[in-house]
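Going by UniProt numbering, the final residue of the sequence shown carries number 299, and the count climbs one at a time with no gaps. Here a beta-carbon is modelled for each residue, glycine too, at the ideal position from N, C-alpha and C. Okay, structure first, notes after.
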Amino acid sequence: MSRKFKGIIYASLGAILFGASSIIATILFRNKSISPEWLVTMRMLGSGVLLLGYLIIRKKDVFTPWKNLKSVVILVSLGIFGVLFAQGSFMLSIYYGNAAVATILQSFGPTVIIIYLAISSRKFPSKIEILAVLLSIVGIFLMVTNGNINAVKVSILSIIFGIISAFGVCAYSLIPRGILTQQNSLIIVGWGLLIGGGVSSIFNPIIKVPKAFDLKDLYLLVIIIVFGTLLAYSLYVNSLIYIEPHVASMLGILEPTVTLLVSIAVFKTSFLSFQVVGIVIIFISLLIINYPSKIQIKQ
């Protein structure tokens with residue numbers, strides 16, 4: 001197996017697992033006592049502990065980032081304003097809407113990054129980036145309104161939290177840039193998850209197990225932690241060893257694709273004509289945005 005093919009497989013599996021985790025979260029939310037906040041806490045704490053534990057077993061010095069004040073500030077910022085911000089709002093978007101809409105809205109993250117970098121650097125975006133941004137805005141407008149601004153077809157709360165999660169993606173993609181070249185990226189991801197989960201647990205303690213939480217729910221939670229978070233992050237980050245970041249990022253389009261198709265097939269999620277047009281336009285914008293992307297960390 002060639003290095004490039006191996007990288008493509010890793011990135012594709014990572015994206016598919018990310019998409020699958022949002023579907024499983026939807027199933028868990030059918031148990032009305034399970035809150036998105038509690039699920040986010042369990043997901044981040046569990047995957048953070050497992051990932052760092054795995055790295056310790058592999059004899060990696062996971063405490064290296066804590067030996068430098070700059071790295072400490074970046075890690076804490078990543079955990080709170082990046083990972084927790086993105087994961088919390090994403091789960092709330094699923095909770096108040098559905099997995100397909102939440103995932104598509106979160107995919108607006110690269111567009112937010114382009115806009116932020118253009119403003120911060122005072123450098124005008126390229127023509128292709130401008131086209132991608134405009135397409136994504138038009139696509140999201142059609143998806144949530146079906147072409148009629150007076151008749152929103154998607155839950156307002158789902159839209160708000162979905163867009164917030166896109167800003168979270170921007171945050172955790174940009175915050176760790178200063179240390180990613182100096183530290184093991186999996187160590188950074190592991191601490192980001194653990195810190196975000198730790199802060200979340202202050203407000204949503206994991207010991208407050210939801211009512212009617214049964215063995216089936218536990219199995220689904222373990223799948224989200226191990227496969228939909230730990231393994232998904234690890235596969236994506238490791239794919240960057242074999243393929244260019246823009247290739248891995250482009251394969252990330254499999255995440256909203258899988259989520260959308262499964263939502264339609266399993267949960268009978270339906271979309272009106274202009275919403276379908278909007279979704280197609282969003283996917284086109286994602287292809288355009290991600291092709292030249294240099295983003296190193298996945299959502």
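query: Selection from I206, S249, L194, L186 that minimises the alpha carbon distance to residue 303; result: In the structure as shown, the chain begins at 1 and stops at 299. Residue 303 is therefore absent and cannot be evaluated.
query: Cβ pair count under 8 Å reaching 3, the region 147–167 against the region 201–214; result: no
query: Cut-off 7 Å between Cβ atoms - residues of its own chain near Q106, not counting five sequence neighbours on either side; result: F90, G162, S165, A166, V169, Q299
query: Contact belief for A171 with A99 at Cβ below 8 Å, rounded distance in angstroms; result: That pair is no contact at about 22 Å.
query: C-beta contact flag for P108 and I140 at 8 Å; result: Looking at the sequence itself, residue 108 is Phe, so the reference to Pro does not match. Result yes, Cβ atoms of F108 and I140 sit closer than 8 Å.
query: At least 3 beta-carbon pairs within less than 8 Å: the region 118–128 vs the region 189–206; result: no
query: Per-residue burial, S273 [other beta carbons within 10 Å of its own, 16 or more giving buried]; result: exposed
query: Limits of the alpha helix (DSSP H) - the one that S126 falls within; result: No alpha helix (DSSP H) contains S126, which DSSP labels as neither H nor E.
query: With 16 other Cβ atoms within 10 Å as the buried cut-off, status of N146; result: buried
query: Simplified DSSP state of S293, which is helix, strand or coil; result: Model confidence at S293 stands at a pLDDT of 46, short of 50, so the residue's coordinates are unreliable and nothing is read from them.
query: Spatial distance of V83 from L134 (CA atoms); result: 27 Å
query: Any 3 or more C-beta pairs closer than 8 Å across the region 41–61 and the region 217–227; result: yes
query: Beta-carbon contacts of I295 that lie in its chain and below 7 Å, excluding the five residues immediately before and after; result: Caution applies to I295, whose pLDDT of 43 falls short of 50 and renders its modelled position unreliable; the model cannot decide the point.
query: Cβ shell of L220 (< 8 Å), same chain only, five flanking positions each side left out; result: I24, I27, L28
query: CB contact flag (L215, L13, <8 Å); result: no
query: Distance, R30 Cα to Y95 Cα; result: 9 Å
query: Beta-carbon proximity list for L157, same chain, < 6 Å, skipping 5 on both sides; result: Y96
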